[in-house]
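Residue numbers (my numbering), protein chains in the order written: chain A, 1 to 194; chain B, 195 to 388; chain C, 389 to 582; chain D, 583 to 776. For every residue, glycine included, the Cβ atom is placed at its ideal position computed from N, Cα and C. Quantities reported herein were computed from a predicted structural model and do not represent experimental measurements. The structure appears right after this line, and notes come after that.
Number of protein chains: 4
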Amino acid sequence: MGSPHPKKHELVRAAVRLFAENGFDGTTTLRIAKAAGVTEPLIYYHFSNKDGLFTHILENAFADYFNRLDNLPTQTPKVFERIEAIIGLHMDIAMEKPEETYLIASTCPARLKNGAHVCTRLLNEARKRIVRYLSECIKEGIDRGEFAKVNIPQTVNVLVVLTQGILRQYALGLDQRRGMRKAAVDFCRRSLVV
Amino acid sequence: MGSPHPKKHELVRAAVRLFAENGFDGTTTLRIAKAAGVTEPLIYYHFSNKDGLFTHILENAFADYFNRLDNLPTQTPKVFERIEAIIGLHMDIAMEKPEETYLIASTCPARLKNGAHVCTRLLNEARKRIVRYLSECIKEGIDRGEFAKVNIPQTVNVLVVLTQGILRQYALGLDQRRGMRKAAVDFCRRSLVV
Amino acid sequence: MGSPHPKKHELVRAAVRLFAENGFDGTTTLRIAKAAGVTEPLIYYHFSNKDGLFTHILENAFADYFNRLDNLPTQTPKVFERIEAIIGLHMDIAMEKPEETYLIASTCPARLKNGAHVCTRLLNEARKRIVRYLSECIKEGIDRGEFAKVNIPQTVNVLVVLTQGILRQYALGLDQRRGMRKAAVDFCRRSLVV
Amino acid sequence: MGSPHPKKHELVRAAVRLFAENGFDGTTTLRIAKAAGVTEPLIYYHFSNKDGLFTHILENAFADYFNRLDNLPTQTPKVFERIEAIIGLHMDIAMEKPEETYLIASTCPARLKNGAHVCTRLLNEARKRIVRYLSECIKEGIDRGEFAKVNIPQTVNVLVVLTQGILRQYALGLDQRRGMRKAAVDFCRRSLVV
DNA sequence: CATGAATGAGCGTTCATTCAT
DNA sequence: AATGAATGAACGCTCATTCAT
């Protein structure tokens with residue numbers, strides 16, 4: 001029993017790696033095909049075009065991401081555990097799917113001015129879910145007296161920057177990642193928990 | 195008396211804008227020339243090639259950045275003021291030179307796997323200076339009893355992520371920036387200051 | 389009992405229409421297959437290749453044309469009736485098989501420099517038969533004293549141009565066709581009949 | 583003193599010949615460039631694209647054609663001389679510019695279903711002028727008592743078919759052209775002049 | 001009889017770059 | 001300082017065709 005479309009799968013694997021390493025415009029369809037051990041036209045047999053292949057990859061990566069975001073805990077003894085969870089989630093993803101994460105971190109920024117682009121659409125969707133989750137967490141933490149009485153939207157904003165910054169840092173491998181999880185969690189705990 | 199090379203300046207201005215909007219690979223020399231009101235060969239008269247023009251722009255932008263980083267205060271009544279200063283510096287840059295900042299945020303990530311690239315070199319240099327500055331701040335803050343006794347390198351790491359994340363957020367215009375400065379500063383103060 | 393090769397027939401029907409509308413080079417095998425509701429390889433099952441399909445269509449169309457040409461009347465009270473007959477034959481064909489006629493009128497001209505091409509071969513064959521028929525008509529018309537004493541080969545030449553020009557005009561739908569038949573017949577009658 | 587754009591001119595010359603011989607779709611830009619002794623990109627330097635080159639050629643050819651049509655005599659002792667003139671004009675063009683004429687005869691038919699195409703536009707324009715000229719001729723011929731009392735629009739129609747058929751015949755070199763002029767003129771004279 | 005998967009060859013087009021002027 | 005003309009290399013993509021099933 002093999003995978004149903006072995007060559008298609010090879011194409012996607014090669015494309016993820018090359019797009020991540022060289023960006024969308026910096027990756028040619030010929031290089032993708034060669035790296036996958038197939039010929040160029042096969043890309044167009046399985047996908048509408050180069051953009052279609054890119055979109056396919058991105059949507060697959062985000063589908064998993066969205067799924068995980070939706071399954072974050074909403075009932076925990078301590079509210080801060082949920083903050084820990086969402087920070088940890090981002091680190092997990094960066095370690096489990098380094099290439100997809102790198103791909104998003106490296107190719108999407110250049111597309112954000114194009115509001116209709118997949119990158120923009122998916123990143124906005126992700127941000128919306130993160131903001132919703134964090135807002136509820138912080139509100140509940142304050143209500144319960146577990147968190148300091150901070151300005152909710154602004155603090156959420158800072159946490160989003162931190163969360164996504166960590167993802168980028170991990171993906172781009174910008175520096176030592178050892179202890180990053182604990183450091184981030186501690187930093188936030190000291191800032192939030194009374 | 196006007197600028198010495200008016201057309202060269204036009205070229206750089208056009209290139210900054212176009213590189214920022216469409217990325218390096220997404221910007222053609224022809225479009226740059228047209229936007230600058232000159233012809234393509236002039237690019238090669240003033241710069242070695244397309245890469246040289248890009249490098250010129252990046253180095254100019256970073257020269258100013260480095261200069262500001264080097265002039266951050268090292269003596270302040272409260273150490274936390276220095277943390278405020280470096281956070282503020284990044285926001286100031288993003289507002290004063292939005293196109294250069296956007297350019298860096300959007301085109302550099304796709305080049306970071308190439309260790310020899312200007313982007314990589316300059317970003318690493320910037321990070322080194324930020325890390326050095328923050329390390330000394332936090333060390334002094336702890337020594338003076340102003341900051342909690344945190345793990346220095348790890349906390350610096352978190353602060354770098356936060357600082358650069360804010361820069362990106364501002365540049366890419368990802369969301370409302372109102373109150374961001376205060377929110378970030380407050381978040382850090384609560385986490386650091388005892 | 390239905391047709392023996394229903395899908396083959398569908399292929400031919402689709403090909404006739406598409407070749408007529410878009411020319412040979414402007415029609416892809418994929419579009420033919422899709423229009424016929426089958427897949428591309430079936431074309432190669434039923435025909436040697438794209439050229440073979442085209443040739444098949446052309447030969448079929450011409451077989452009917454040749455047949456009609458061979459059955460033109462050779463004994464009529466008035467010789468001019470035969471001229472009327474051949475003019476009428478061309479108009480009938482253009483109306484009965486508009487797509488085949490259009491196909492020939494639109495795709496063959498671009499192939500006539502290639503003496504070995506089916507188009508050239510079939511068109512030459514048709515012209516030969518028309519010339520033979522008309523030559524005999526005019527000769528007999530003159531002998532009988534029904535026609536003016538015109539130069540036979542040259543007059544035949546003019547009639548061929550007229551006959552085929554009418555076919556083209558009808559097929560390409562270049563203008564109003566109402567009254568064309570009568571006009572052409574009258575024009576010729578006045579010119580030929582004493 | 584040479585031509586202002588020698589290589590551009592070579593491109594056009596090569597394109598006229600190749601388009602005429604192989605049709606638009608059957609001619610590749612590479613073959614045009616090679617036949618002109620230049621490289622492919624030069625086509626795109628001088629013209630917008632392959633279509634632009636084709637259009638340029640067609641418009642040039644028709645400009646001359648229109649010019650000649652507009653300069654046909656409108657005052658002649660005998661009206662039939664004007665019929666002779668327009669028949670002769672078409673034969674002259676076919677002999678002076680055989681390649682342009684062949685090009686039009688071979689590539690345009692396949693485009694006539696596309697009402698917006700240059701071919702359609704120019705051919706319709708030409709036909710309009712021919713119809714206008716012939717209509718006036720025949721009307722005047724009848725009024726003067728020089729021509730038989732024929733139905734004007736229908737007779738014009740037949741003459742258009744004949745005129746353009748002759749052009750095609752000449753261009754495509756379909757048969758012996760010797761005596762064609764005299765034959766056509768005689769045929770028409772007998773049919774029209776009382 | 002019919003298809004899904006795959007390919008070699010080639011196409012129209014663009015790009016960064018050069019060179020004579 | 002600046003340009004018009006030109007090119008080598010490559011790119012995204014399509015096409016007719018094949019082959020195992």
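Among the options, the one whose alpha carbon lies nearest that of residue i
i: residue 679/D; options: 776/D, 689/D, 753/D; result: 753/D
i: residue 124/A; options: 48/A, 33/A, 32/A, 62/A; result: 62/A
i: residue 663/D; options: 635/D, 682/D, 716/D, 696/D; result: 716/D
i: residue 399/C; options: 576/C, 413/C, 411/C, 435/C; result: 435/C
i: residue 254/B; options: 216/B, 293/B, 219/B, 339/B; result: 293/B
i: residue 510/C; options: 538/C, 397/C, 442/C, 480/C; result: 442/C
i: residue 25/A; options: 301/B, 345/B, 264/B, 339/B; result: 301/B
i: residue 376/B; options: 272/B, 285/B, 210/B; result: 285/B
i: residue 466/C; options: 444/C, 528/C, 561/C, 546/C; result: 528/C
i: residue 536/C; options: 746/D, 771/D, 729/D; result: 771/D
Straight-line gap, residue i to residue j (C-alpha atoms, nearest Å)
i: residue 596/D; j: residue 490/C; result: 29 Å
i: residue 179/A; j: residue 348/B; result: 7 Å
i: residue 698/D; j: residue 231/B; result: 35 Å
i: residue 750/D; j: residue 714/D; result: 21 Å
i: residue 279/B; j: residue 269/B; result: 12 Å
i: residue 194/A; j: residue 385/B; result: 11 Å
i: residue 583/D; j: residue 634/D; result: Note that residue 583/D has pLDDT 41, beneath the 50 cutoff, so the model's placement of it is unreliable and no number is given.
i: residue 565/C; j: residue 539/C; result: 30 Å
i: residue 105/A; j: residue 160/A; result: 15 Å
i: residue 265/B; j: residue 229/B; result: 36 Å
i: residue 394/C; j: residue 613/D; result: 41 Å
i: residue 599/D; j: residue 483/C; result: 34 Å
CB contact below 8 Å: residue i versus chain D
i: residue 495/C; result: yes
i: residue 546/C; result: yes
i: residue 549/C; result: yes
i: residue 414/C; result: yes
i: residue 557/C; result: yes
i: residue 536/C; result: yes
i: residue 440/C; result: no
Residue-level contact to chain B via CB, residue i, 8 Å cutoff
i: residue 80/A; result: no
i: residue 165/A; result: yes
i: residue 21/A; result: yes
i: residue 115/A; result: no
i: residue 141/A; result: no
Own chain, CB closer than 6 Å to residue i, minus 5 neighbours either side, in chain order
i: residue 213/B; result: 221, 297
i: residue 223/B; result: 234, 237, 244
i: residue 262/B; result: 283
i: residue 146/A; result: 79
Cutoff 8 Å: residue i Cβ touching any chain C Cβ
i: residue 704/D; result: no
i: residue 583/D; result: At residue 583/D, the pLDDT of 41 sits below 50, so the modelled position is not reliable and the matter cannot be decided from this model.
i: residue 772/D; result: yes
i: residue 754/D; result: yes
i: residue 600/D; result: no
Neighbourhood of residue i by C-beta distance below 8 Å, restricted to the same chain and skipping five residues each side
i: residue 454/C; result: 513, 514, 517
i: residue 350/B; result: 325, 328, 329, 332
i: residue 696/D; result: 702
i: residue 73/A; result: 81, 82, 85
Residue-level contact to chain A via CB, residue i, 8 Å cutoff
i: residue 339/B; result: no
i: residue 349/B; result: yes
i: residue 282/B; result: no
i: residue 289/B; result: no
Buried/exposed call for residue i, threshold 16 Cβ in 10 Å
i: residue 109/A; result: buried
i: residue 586/D; result: exposed
i: residue 22/A; result: buried
i: residue 8/A; result: buried
Sequence-distant residues of its chain with Cβ nearer than 7 Å to residue i (five each side left out)
i: residue 766/D; result: 669, 744, 748
i: residue 111/A; result: 117, 119, 120
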